[in-house]
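Written out below as structure tokens is the structure these notes cover.
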Amino acid sequence: MKVIVVGSGIAGLTAALHSHESGHDVTIVTKGDLGDGCTALAQGGVAGVYGPGDSPSAHAADTLVAGAGLSDPDAVRVLVSDGAARIAELIARGVGFDRADDGSLRLGREAAHSHARIAHAGGDATGAAISTALVECARRLRIPVLTEAFLVDLVGEGDAVRGVRVLRDGVVSDLPADAVILATGGAGHLYAHTTNPSGATGDGIAAALRAGAAVADLEFVQFHPTVLASGSAFLISEAVRGEGATLLDDQGRRFAFDSHPDGELAPRDVVSRAIARRAATQGAPVRLDATMLGAATLARRFPTIDRVMRERGFDWAKDPVPVTPAAHYLMGGVVTDLEGRTSVPGLFAVGEVARTGVHGANRLASNSLLEGAVFGARAAAALTAPWPAALRARDRTDIDLDRDIAASASRTEPAFTRAALQQLMWEEVGLLRTGDGLARALAVLKEWDAAHTAPTTVAEHEDANLLLLARATSAAALARTVSVGAHHRVDTAMTDAASRTPSSILETV
Ligand SMILES: Cc1cc2nc3c(=O)[nH]c(=O)nc-3n(C[C@H](O)[C@H](O)[C@H](O)COP(=O)(O)OP(=O)(O)OC[C@H]3O[C@@H](n4cnc5c(N)ncnc54)[C@H](O)[C@@H]3O)c2cc1C
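FYI, the numbering for the sequence shown is -7 to 501, going by the working numbering.
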């Protein structure tokens, strides 16, 4: 079977390696170099290694609680049961996870995990270790790769996807395939502040939307609580708080416990909002205090962060450092079944571009690398299976881009630029949302869209994709009138699902 995999992060490379090893004729298409994307930047690690007292069902329970009742229990069950095999595979493919003196994997703990179950490599360089190993495997197996090749659109035949349209060296061409596996990652660049690399512009989701694929849960954007609030966005892993670092206000007080009994280790959305509110009240960033860990531990356990801190002039072993939330991860995306199949025959979606149902309204830390590996492998295994007659509907949010809204754009709105879009999304579709703000965003985006001309360059295609995705995200956020998980409407009540442990769901995993 001729298979095109778009994207070369953990999801795309896993899918490509498995497809190749099953005898398919695979080509990888990727926007920059092989291995670019978020994967190589991941710090904390991969969840899914279970020590004494821990188990897949405990991991599933934590995942479901973080998802605020909106995760799909079947998808979560698949994640935790396939996880061990995928982590073993990563080790077999050459990822040198950190080990304790007795040879066992050294495990970290992150927010909202009930146990230490995060495998990491190079201290805080897990993603780089994974990316290097998988890229090396793809090269060794001589899987054909088109680098600097930009997915413009999916190519259809009848109601099925039969290839991709790519822009490379200024030339647009169609590449035919029996199946396309979309692994294009997320869309952090919808926002003015993001941890994501510059290529995270939501191209795959936008292409899937244009191809008529079901897309859901775009309103669920995870903001990472702790990005260095100085210079360009640099993430300070959750694992730092997992090791004991605390968050302090301008009085030196640990304020995170005001919002949640788990304090700094509460779910990310809770911690992010607590930081945003406190920063707004005090008119300055809050501080992350890791001084109690000591210089030696910080340098050994978090060598990458330690190096960047010093490069940026911070001695975090001596002084607390300023931090702010930033857009980090998109829980929503292209709706798939448990094998990565979308609602359009021939089109698979894996990794961050997909909405498998694992994350619900909020992602549990370190579940996304695992998700990419698990569902990348499953999609490859399902390539030759018959396409199901209908994708299960699940709790899909219908996105109405042309919804009538009372608001209209004021005359003082700026003309479209990527920076203006990112600022609008940060202000109105960010951590704290209101109906009025979302309606304003939609009105402005609609005007920008009407004035937009057909894209030709890569940057123009990215802008068009961001514009489409911004409209879809704002519309989805406006349609969800209650707060749940990462979607926080300050003008409406908290839904039940956001505040309770979904015990009926837990019993099923
Ligand atoms: C700073 C940071 C730290 C993180 N830490 C962790 C962690 O510790 N643990 C964890 O589980 N998760 C972590 N995450 C999240 C995790 O890294 C990502 O969710 C995951 O790597 C996504 O993998 P992916 O394969 O789906 O996409 P990516 O790794 O983002 O790869 C996307 C690929 O698609 C390609 N692409 C995109 N658009 C196009 C196009 N138009 N045409 C062609 N190719 C295209 C890109 O070039 C890239 O190769 C972190 C994320 C960031 C940003």
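Just so you know, even glycine gets a beta-carbon here, dropped at the ideal spot from N, CA and C.
Q.
Please tell me whether D483 and L459 are closer than 9 Å, where the distance is taken between their beta carbons.
A. Taking 9 Å as the cut-off, the Cβ atoms of D483 and L459 do not count as close.
Q) Looking at F294 and ligand 1, is the gap between the Cβ and the nearest heavy atom below 8 Å? A) F294 Cβ: outside cutoff for every heavy atom of ligand 1.
**Q.** Reference H16; option with closest CA among I(-4), M301, D116, T273
**A.** When I(-4), M301, D116, T273 are compared, the shortest CA-CA separation from H16 is found for I(-4).
Q | Buried or exposed (CB count within 10 angstroms, at least 16 for buried), R246 | A | By the neighbour-count criterion, in which a residue is buried when 16 or more other Cβ atoms sit within 10 angstroms of its Cβ, R246 is exposed.
**Q.** From G178, A141, R260, residue whose alpha carbon lies closest to that of D161
**A.** Selected option, being the one with the closest Cα: A141.
Q | Among Q414, E81, D307, nearest to G40 - alpha-carbon criterion | A | The shortest CA-to-CA distance from G40 to any of Q414, E81, D307 is the one to E81.
Q) Any idea if T473 is buried or exposed, counting beta-carbon neighbours within 10 angstroms, 16 or more meaning buried? A) In the assembly as shown, T473 is an exposed residue. Its beta-carbon has fewer than 16 other beta-carbons within 10 Å.
Q. So, helix, strand or coil for R98, using DSSP?
A. Here R98 sits in coil by DSSP.
(Q) Is the beta carbon of T193 closer than 9 Å to that of L143? (A) No, they are not a contact pair.
(Q) Taking the alpha-carbon of L71 as reference, which of T404, S360, T22, A431 has the nearest alpha-carbon? (A) Ranking T404, S360, T22, A431 by Cα distance to L71 puts S360 first.
Q: Answer yes if the region 309 to 319 comes into contact with the region 195 to 206, meaning at least three C-beta pairs across the two stretches below 8 Å, and no otherwise.
A: No, the region 195 to 206 does not touch the region 309 to 319.
Q: My understanding is that F340 touches A371, with C-beta atoms under 8 Å, so please give their C-beta distance in whole angstroms.
A: About 4 Å separates the two Cβ atoms, so the contact holds.
Q: Compute the Euclidean distance between the alpha carbons of V421 and G429, then round it to the nearest angstrom.
A: Just so you know, the alpha carbons of V421 and G429 end up roughly 7 Å apart.
(Q) Looking at ligand 1, does it come within less than 8 Å of Q414, judged from the CB to the closest heavy atom? (A) Relative to ligand 1, the beta carbon of Q414 is positioned no closer than 8 Å to any heavy atom.
Q | Neighbourhood of L437 by C-beta distance below 6 Å, restricted to the same chain and skipping five residues each side | A | Cβ neighbours of L437 beyond the five flanking positions: A462, R463.
**Q.** the region 252 to 267 in contact with the region 227 to 239 per 3-pair CB rule at 8 Å
**A.** With the cut-off at 8 Å, the region 252 to 267 and the region 227 to 239 touch.
Q) For L498, which residues from the same chain have a beta carbon less than 7 Å from its beta carbon, with the 5 sequence-adjacent residues on both sides left out? A) Per-residue confidence for L498 stands at a pLDDT of 27, beneath the threshold of 50, marking its modelled position as unreliable; the derived number appears in the next sentence. Spatial neighbours of L498 in its own chain (CB-CB distance under 7 Å, excluding positions within 5 residues in sequence) are listed in chain order as A53, L56.
Q) When you compare only the Cα positions, how much space is there between D387 and V326? A) With a pLDDT of 40 at D387, under the threshold of 50, the modelled position of this residue cannot be trusted; read the value that follows with caution. Straight-line Cα distance between these residues: approximately 13 Å.
Q.
The beta strand (DSSP E) that contains H216, what's its start and end?
A. Segment 213 to 220, the beta strand (DSSP E) holding H216.
(Q) So the candidates are T296, G324, Q414; which of them puts its Cα closest to the Cα of A456? (A) Distances from the CA of A456 to each of T296, G324, Q414 were compared; the closest alpha carbon is that of Q414.
Q) From this set, G88, V21, Y183, which residue's C-alpha is nearest S0's C-alpha? A) Checked all of G88, V21, Y183; the closest Cα to S0 is V21.
**Q.** DSSP bridge partner residues for G148 (one or two, in chain order)
**A.** Partner(s): V153.
(Q) Checking the sheet assignment: what are the DSSP bridge partners for K(-6)? (A) Looking at the DSSP assignment, K(-6) forms a beta bridge with D17.
Q. Roughly how many angstroms lie between the CA atoms of V336 and A152, to the nearest whole one?
A. Taking the Cα positions, V336 is about 6 Å away from A152.
Q: Would you mind working out which of A411, A469, G45, T409 sits nearest L423, comparing C-alpha positions?
A: For L423, the nearest C-alpha among the options comes from A469.
Q. Between D250 and L99, what straight-line distance do the alpha-carbon atoms span, to the nearest angstrom?
A. Answer to the nearest angstrom: the Cα atoms are 29 Å apart.
Q. Does the count of Cβ pairs from the region 4 to 12 and the region 120 to 140 closer than 8 Å reach three?
A. Short answer: they touch.
Q.
Below 8 Å, is the gap between the Cβ of E344 and the nearest heavy atom of ligand 1?
A. Yes - ligand 1 has a heavy atom lying nearer than 8 Å to the Cβ of E344.
Q: Pull up the distance between the alpha-carbon of T493 and that of S165, whole angstroms please.
A: Legend: pLDDT at T493 = 36, less than 50; position of this residue unreliable, no value from coordinates given.
Q | Counterpart residues of D166 in DSSP-defined beta bridges | A | D166 is bridged by DSSP to R157.
Q: Identify, in the order they occur along the chain, each residue of the same chain with its Cβ nearer than 7 Å to the Cβ of G180, setting aside the five sequence neighbours on each side.
A: The beta carbon of G180 sits closer than 7 Å to the beta carbons of T186, T187, N188, A192, A319, H320 from its chain, once the five residues preceding and following it are set aside; these are given in chain order.
Q) For H105, which option in A113, G88, G59 has the closest C-alpha, if you only look at C-alpha atoms? A) Selection A113, G88, G59 evaluated against H105 yields G59 as nearest (Cα-Cα).
**Q.** Expected contact under 8 Å - CB spacing of V345 and F367 to nearest Å
**A.** No, V345 and F367 are not in contact; Cβ-Cβ is about 10 Å, not under 8 Å.
(Q) Which same chain residues end up closer than 7 Å to P259 when comparing Cβ atoms and leaving out the 5 residues on each side of it in sequence? (A) Hits under 7 Å: A58, A103, A104, N354.
Q) Roughly how many whole angstroms lie between the Cα atoms of L515 and I83? A) Any question about residue 515 goes unanswered here, given that the chain covers just -7 to 501.
Q.
Given 8 Å as the limit, tell me if G429 has its C-beta closer than that to any heavy atom belonging to ligand 1.
A. No.
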